[in-house]
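Asks: Just so you know, my numbering puts the end of the sequence shown at 487, numbered straight through with nothing missing.
Glycine residues also receive a C-beta, built at the ideal position from the N, C-alpha and C atoms.
Here it is, the structure in full.
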Amino acid sequence: MLTLLSQYRHLKHVKYLYRPLSVMSSESRTGPDDAKKPFTDRFFDSAANGNIEELTHLLKATVIVDERNDNGWTGLMLASRYGHANAIKIFLEKGCDVNLVNKTGQTALDIAQFWDQSEATSLIMDYVKHDNPDKQLRNFFSYNPLLRCAEKRKDTNWLENKMREDSTKYIAFCELQPYVLSLPDNKWKYQIIRFCYSDIQSCINDKHLVVFLGINKNGDETEEQAVFAIDVPDEKKLKTINPDGTLLQPFPGSMMLEPSEAGILAEARTMLDWLDRYKFCATCGSSTSVTEGGHKRVCDNKECKTNKGIHNTCYPRTDPSVIMLVISPDGKRCLLGRGKRFPPKMYSCLAGFMEPGETIEDTCRREVHEESGIEVGRVDYHSSQPWPFPASLMLGCLAYAKTEHLKVDEDELEDARWFRRPELVQMLTRQHPEGLFVPPEQAIAHQIIKSWVRKTTNSNL
Ligand SMILES: NC(=O)C1=CN([C@@H]2O[C@H](COP(=O)(O)OP(=O)(O)OC[C@H]3O[C@@H](n4cnc5c(N)ncnc54)[C@H](O)[C@@H]3O)[C@@H](O)[C@H]2O)C=CC1
Ligand SMILES: [Mg+2]
Ligand SMILES: [Mg+2]
Ligand SMILES: [Mg+2]
Ligand SMILES: [Zn+2]
């Protein structure tokens, strides 16, 4: 990731991605005296007073949503004590943990009930009732809304008809860069342009790669809108069809797409990249032909053994990599490293590719040992993230260290250090006195660090 990051450091995208969060700046929203108060005091005050404007502003940094005061009270508990329904709604929307207990063992619901705050009680009870226990963290690049409909890939007639239908949409890439529209006033800065068959048909021929991505279940034509990706090597051609478009550097540009768009990009880019790289049979070296809507390459040599039985070399690749937050033996610090080509002052989780015959846990232990000299015991899975540069699947974990003496692999890392929780909060919210920071929220590294910081709100670290 960071090799690429530094490569594109000059781009305006990077400036946008790495902008500081202004939530904890000294600039006042409520008056000069309040502005001087430590930000956690302002946070607890706004929850207790039901100051919605201040709370909304401070909670832009969702990492603080479960922060606790000296008595172990969370913002939700304070809002429940005083019955501030709108503040409670904000905490629930931000995904606060309703099960936390304060130092006397009460949850927010206990507090609301004890103080007879009936609206607060029913809001929290409703939330608990409807909160889906299967609700899981999703990372950026995993929000692809398309139904892949793998069974349709073999149905050549269906595919050929779909390719020509009026409702069908095409997204175009030139050298693996998507053709997008810039949305300067939007939170998400770009949108992938959709072309119709009539726009793009002059580009559909044997030379250009086309992949069936799936059916758009959110489209107006509900079940029926098919989406394809097409590789158009000549940017000028795209400009003639839609002069407002521009090519987007996928990294880090794709992080400025709306999450569902980034999910579609993850599938499309990895597929086109694979089709482009694997033109020849890995077994006999003959040319190959694209089939199954772009999801398979078959060897043109009929005698080749890949034409007998099923062979993984005919299918797209995914390269699993682990990425882990290492926790110190005393549970109070986390290990972050600086890759040689990271942007200045950025620290992140250690990461590495899986090797054949390894479990996820063993890869974590080996990579951590190789890169930092630390021995890891238990490894817990956290979440995963497709990382389409070009075909990684990041498997995020928490790794519990048995040792703490660092011996940094200088070939890969410039530095690795143990960080305490308050420093991590500053790095997540861009308030670190030395300007240190962690990757943006679109990166799984950010999410793993944030989870640990949120899990340890009551632990005086
Ligand atoms: N989403 C995120 O937050 C992050 C993603 N990453 C990604 O994690 C992946 C692995 O991290 P690294 O520290 O670079 O791995 P690493 O620690 O295993 O070292 C990289 C080296 O591994 C070797 N290697 C083994 N298998 C490889 C494969 N399939 N493709 C390319 N090189 C391979 C190469 O010699 C390469 O120089 C990278 O793709 C990186 O982009 C890394 C950090 C954060
Ligand atoms: Mg590594
Ligand atoms: Mg490594
Ligand atoms: Mg490695
Ligand atoms: Zn072959």
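In chain order, what residues of the same chain lie with their CB nearer than 7 Å to the CB of D225, ignoring the 5 residues before and after it?
Replies: Result list for D225: I267, in chain order.
Asks: With respect to the alpha helix (DSSP H) encompassing F277, which residues constitute its N-terminal and C-terminal limits?
Replies: Where F277 is concerned, the enclosing alpha helix (DSSP H) stretches over 276-279.
Asks: Which of the three DSSP states is assigned to A198 in this structure?
Replies: DSSP places A198 in strand when its eight states are reduced to three.
Asks: Please work out which residues of its chain come closer than 6 Å, Cβ to Cβ, to V258, disregarding the five sequence neighbours upstream and downstream, and give them in chain order.
Replies: Taken in chain order, the residues that qualify are A198, C200, C229, L264.
Asks: How is V124 classed by DSSP in three states: helix, strand or coil?
Replies: It is coil, neither helix nor strand.
Asks: With distances taken between CB atoms, is the gap from F254 to V237 smaller than 8 Å?
Replies: Yes. Within cutoff.
Asks: Run the proximity test for G378: is its beta-carbon closer than 7 Å to any non-hydrogen atom belonging to ligand 3?
Replies: Yes - ligand 3 has a heavy atom lying nearer than 7 Å to the Cβ of G378.
Asks: From which residue to which residue does the alpha helix (DSSP H) around L118 run?
Replies: Its alpha helix (DSSP H) spans residues 111-119.
Asks: Along the chain, which unbroken stretches of the beta strand (DSSP E) at least 3 residues long are found entirely within the region 361-448?
Replies: Counting only runs of 3 or more, we get 376-379, 402-413, 418-427, 439-446.
Asks: Give me the residue from L209, H156, G240, H395 with the minimum Cα distance to K178.
Replies: Minimum Cα distance to K178 is reached at G240.
Asks: Which residues count as close to ligand 5 when the rule is a CB under 6 Å from any of its heavy atoms, in chain order?
Replies: Having a Cβ closer than 6 Å to some heavy atom of ligand 5 are C307, T309, C310, S312, C325, N327, C330, T332.
Asks: Run through DSSP, which three-state label would Q251 get?
Replies: Looking at Q251 - three-state DSSP - the assignment turns out to be strand.
Asks: Cβ atoms of T88 and K120: under 8 Å apart, would you say?
Replies: Closer than 8 Å, so yes.
Asks: Check whether the Cβ atoms of S477 and A442 lie closer than 8 Å to each other.
Replies: Taking 8 Å as the Cβ cut-off, S477 and A442 do not qualify as a contacting pair.
Asks: Using CA atoms only, rank isn't needed, just tell me which of I336, V324, A377 is closest to V348.
Replies: Comparing Cα-Cα distances from V348 to each of I336, V324, A377, the minimum goes to A377.
Asks: Can you give me the C-alpha to C-alpha distance between Q203 and T272, rounded to a whole angstrom?
Replies: For Q203 and T272, the distance between alpha carbons rounds to 9 Å.
Asks: Quick one, which of C122, F368, D388, I386 has its alpha-carbon nearest L462's?
Replies: Ranking C122, F368, D388, I386 by Cα distance to L462 puts F368 first.
Asks: CB-CB under 7 Å to Y153, same chain, minus the five flanking residues each way: which ones, in chain order?
Replies: Excluding residues within five positions, the ones whose Cβ falls inside 7 Å are L118, V124.
Asks: Once you ignore the five residues that flank W214 on each side, which residues in its own chain have a CB closer than 7 Å to its CB?
Replies: Contacts found: M282, L283, E284.
Asks: Any heavy atom of ligand 7 closer than 7 Å to the beta-carbon of S477?
Replies: This structure lacks ligand 7; its bound ligands are ligand 1, ligand 2, ligand 3, ligand 4 and ligand 5.
Asks: Suppose you measure from the CA of S52 to the CA of F65; what does that come to, to the nearest Å?
Replies: A caution first: S52 carries a pLDDT of 38, below 50, which makes its placement in the model unreliable, though a value can still be read off. Taking the straight line joining both Cα atoms gives about 9 Å.
Asks: Tell me whether N242 sits in a helix, a strand or coil according to DSSP, three-state version.
Replies: In this structure, N242 counts as strand in the three-state DSSP scheme.
Asks: Report, in whole angstroms, the separation of the C-beta atoms of L424 and M350, which I expect to be a contact under 8 Å.
Replies: 7 Å between Cβ atoms; contact.
Asks: Verify the contact flag: E396, CB atom, against every heavy atom of ligand 3, threshold strictly below 7 Å.
Replies: Yes, the Cβ of E396 comes within 7 Å of a heavy atom of ligand 3.
Asks: So what does DSSP say about T344, is it helix, strand or coil?
Replies: Of the three classes helix, strand and coil, the one that applies to T344 here is coil, per DSSP.
Asks: Over what stretch of residues does the beta strand (DSSP E) that includes T317 continue unbroken?
Replies: Start and end: 314-317.
Asks: For H156, count neighbouring C-beta atoms within 10 Å of its own C-beta (all shown protein chains included) and say buried if the count is 16 or more, exposed if not.
Replies: Flag for H156 reads exposed.
Asks: Hey, out of S106, L173, Y169, whose CA is closest to S144's CA?
Replies: Comparing Cα positions, the closest option is S106.
Asks: Using a Cβ-Cβ cut-off of 6 Å (strictly less than) and excluding sequence neighbours within five positions of M380, which residues of its own chain qualify?
Replies: For M380, where only same-chain residues beyond five positions count, the Cβ hits under 6 Å are P346, T389.
Asks: Need the endpoints of the beta strand (DSSP E) that Q217 sits in, please.
Replies: That run of the beta strand (DSSP E) goes 216-218.
Asks: Three-state secondary structure (DSSP) at C229?
Replies: In the structure shown, C229 sits in a helix (DSSP, three-state: H, G or I).
Asks: In or out: D406 buried (at least 16 other Cβ within 10 Å) or exposed?
Replies: With fewer than 16 other Cβ atoms within 10 Å, it is exposed.
Asks: Quick check on DSSP: helix, strand or coil for F166?
Replies: Reduced to three states, the DSSP call for F166 is coil.
Asks: Can you give the beta carbon distance from T194 to A134, rounded, assuming they're within the 8 Å contact cut?
Replies: So it is not a contact: roughly 49 Å between Cβ atoms.
Asks: Measuring CA to CA, which of Y216, G319, P448 is closest to A176?
Replies: The shortest Cα separation from A176 among Y216, G319, P448 belongs to G319.
Asks: Could you tell me the distance, in whole angstroms, from the CA atom of N327 to the CA atom of K305?
Replies: Taking the straight line joining both Cα atoms gives about 13 Å.
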